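Written below as structure tokens is the structure these notes are about.
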Amino acid sequence: MSLANGIRYFDDFRPGETIDLGTVPISEEEIITFARQFDPQPFHVDPEAAARSRFGGLIASGWQTTGLFMRLYARTVLNTTVSLGSPGVDQIRWPNPVRPGDRLAGRWTVLECRPSRTRPDRGVIRSRGEMFNQNGDPVLSLEALNIIGRDPASYPGASSIGP
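Residue numbers (the numbering used here): 2 to 164.
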């Protein structure tokens, strides 16, 4: 860690580093409430229709699964980092459905760290995010880019930036 208060800079990350993001449960009520507002497909909002679907029961929207990953990722990584935003997600996959009562575990892995060529106060981290259910089945994978501030002590002519 670069700072006494535990905030991490770009320079503190290394390719291959993996961080356990913790777990989060999901209930039937949460699935239906989310889906009614953001993804109102029958297999997300109607248990009877979902039972007749190819899924054989109610499942969470992939977007809800992604939001749950983001909650864990922000709490565990971004809120303890000099995060300067993200230019986007390169790919996202939902290989298995999330069902009511599942407990999801998140994991974040650094794939690449590139100092900015034009902005010496920052770098870009390419990473993989993953979520697994309580049985170890993958339910989410994504690759993303994050812009992370550099430690002002790590480069000449630096000005102080912070969270």
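Positions of the beta carbon are idealized from the N, C-alpha and C atoms, including for glycine.
All values reported here derive from a predicted model rather than from experimental measurement.
Asked                                                                                                             : Found
Alpha-carbon to alpha-carbon, Ile32 and Ser134                                                                    : Per the sequence shown, the amino acid found at residue 134 is Asn instead of Ser. Roughly 15 Å separates the two Cα atoms.
Own chain, CB closer than 6 Å to Ala50, minus 5 neighbours either side, in chain order                            : Pro43
Endpoints, the beta strand (DSSP E) within which Gln92 is located                                                 : 89-94
Where the alpha helix (DSSP H) through Gly68 begins and ends                                                      : 63-77
Rounded separation between Gly102 and Glu29 - CA only                                                             : 7 Å
Straight-line gap, Ala154 to Gly86 (C-alpha atoms, nearest Å)                                                     : 21 Å
Limits of the beta strand (DSSP E) - the one that Asn139 falls within                                             : Strictly speaking, residue 139 in this sequence is Pro, with Asn absent from that position. That run of the beta strand (DSSP E) goes 139-150.
Nearest residue (CA-CA) to Arg120, options Ala106, Arg151, Glu144                                                 : Arg151
Close-in-space but distant-in-sequence residues of the same chain around Ile93 (CB under 7 Å, 5 per side omitted) : Thr67, Leu143
Touch test, the stretch 69-85 against the stretch 32-41, Cβ-Cβ under 8 Å, three pairs minimum                     : no
Segment limits, alpha helix (DSSP H) that includes Arg37                                                          : 29-39
Segment limits, alpha helix (DSSP H) that includes Phe44                                                          : 43-46
Close-in-space but distant-in-sequence residues of the same chain around Pro88 (CB under 6 Å, 5 per side omitted) : Leu146
Burial state of Thr82 (16 or more Cβ within 10 Å)                                                                 : buried
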